[in-house]
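Protein chains in written order, with UniProt numbering: chain A, 1 to 115; chain B, 1 to 115.
What follows is a short report on a single structure.
There are 2 protein chains.
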Amino acid sequence: MDLQQNKKSENTAPCPFREAMDLISGKWTMSIINNLMTGKMRFKELERSVAGINTRMLVKELKELESKQIICREAFATVPPTVEYSLTEKGKALRPVLIEVQKWALNNPLNQDQL
Amino acid sequence: MDLQQNKKSENTAPCPFREAMDLISGKWTMSIINNLMTGKMRFKELERSVAGINTRMLVKELKELESKQIICREAFATVPPTVEYSLTEKGKALRPVLIEVQKWALNNPLNQDQL
């Protein structure tokens with residue numbers, strides 16, 4: 001895979017790499033996707049699992065991820081109504097990216113003074 | 001690589017994955033790193049190569065990447081002085097992440113209405 005091509009296309013036609021990076025470079029995006037890799041989750045579960053996120057941010061991120069067909073949202077007519085979030089196939093296809101990020105993170109720990 | 005471990009650690013001790021994601025989830029970060037994968041570059045070259053970035057943002061991003069030892073900055077006592085940026089080994093180690101993002105982007109194009 002020649003990354004060189006990417007460099008030239010960065011400035012001209014729409015660039016899939018740039019679009020993908022825009023999508024996954026949200027502060028919370030990959031953490032949400034990472035959590036959903038293990039299966040369906042409800043809103044409150046997700047809110048507890050993604051360190052530092054608040055309700056407003058989670059609502060916004062989930063809406064964006066749903067609009068980009070990375071996750072899907074299922075509502076159940078229980079009393080009270082319940083909603084579950086899960087990854088679409090497109091979302092699950094991000095697993096290799098997450099695994100490479102995790103490998104890089106473990107092999108290249110940031111020193112305390114770099115945080 | 002079990003991503004499940006990550007989920008539990010998301011909320012407790014410092015999490016290498018979360019730190020790595022914070023590092024690489026800057027809007028321009030991975031585009032800058034992607035461009036430097038092909039070799040040393042000067043400021044103006046980088047500014048031209050990263051679509052949409054302006055001088056102030058590039059200065060800020062480069063400072064942060066240098067402080068996190070992802071890139072290194074070399075100044076040359078030419079007239080006028082010149083500065084070159086290149087990836088450290090830690091920066092080059094992000095290549096597999098970039099390749100997986102690129103693969104995902106090519107296999108999962110965002111529809112026009114999702115941009």
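Here a beta-carbon is modelled for each residue, glycine too, at the ideal position from N, C-alpha and C.
Neighbour-count burial assignment, residue 134(B), 16 or more Cβ in a 10 Å radius
No information on residue 134(B) is available, as it lies outside the stretch 1 to 115 that chain B covers here.
If we define contact as Cβ-Cβ less than 8 Å, is residue 57(A) a contact residue for chain B?
no
Buried or exposed for residue 76(B), going by 16 or more other Cβ atoms inside 10 Å?
exposed
Only counting runs of 3 or more residues, tell me where the beta strand (DSSP E) segments fall wholly within the UniProt domain "HTH hxlR-type" (15–113) of chain B, in order along the chain.
Listed in chain order, the complete beta strand (DSSP E) runs (minimum 3 residues) inside the UniProt domain "HTH hxlR-type" (15–113) of chain B are 71–76, 82–87.
Identify whether residue 7(B) lies in helix, strand or coil by the three-state DSSP scheme.
Note that residue 7(B) has pLDDT 47, beneath the 50 cutoff, so the model's placement of it is unreliable and no number is given.
Neighbourhood of residue 40(B) by C-beta distance below 6 Å, restricted to the same chain and skipping five residues each side:
84, 86
Between residue 47(A) and chain B, is there a C-beta pair that is closer than 8 Å?
no
Contact list for residue 117(A) against chain B, beta-carbon separation under 8 Å
Residue 117(A) lies beyond the residue range present for chain A, which begins at 1 and ends at 115; the question has no answer from this structure.
Partner residues on chain B for residue 25(A), Cβ-Cβ distance less than 8 Å:
Scanning chain B for C-beta atoms nearer than 8 Å to the C-beta of residue 25(A) yields 24, 25, 26, 27, 29, 30, reported in chain order.
Of the residues that make up the stretch 87–103 of chain B, which ones have a beta carbon closer than 8 Å to any beta carbon in chain A?
When CB distances to chain A are screened at a threshold of 8 Å, the residues of the stretch 87–103 of chain B falling below it are 90, 93, 94, 95, 96, 97, 98, 99, 100, 101, 102, 103, in chain order.
With residue 109(A) and residue 105(B) assumed to form a contact (beta carbons below 8 Å), what rounded beta-carbon distance in angstroms separates them?
The Cβ separation is near 28 Å, so there is no contact.
Member of 24(B), 61(B), 33(B) whose CA lies at the smallest distance from the CA of residue 88(B)
33(B)
Applying the criterion that 16 or more other CB atoms from any shown protein chain within 10 Å of the CB defines a buried residue, is residue 18(B) buried or exposed?
buried
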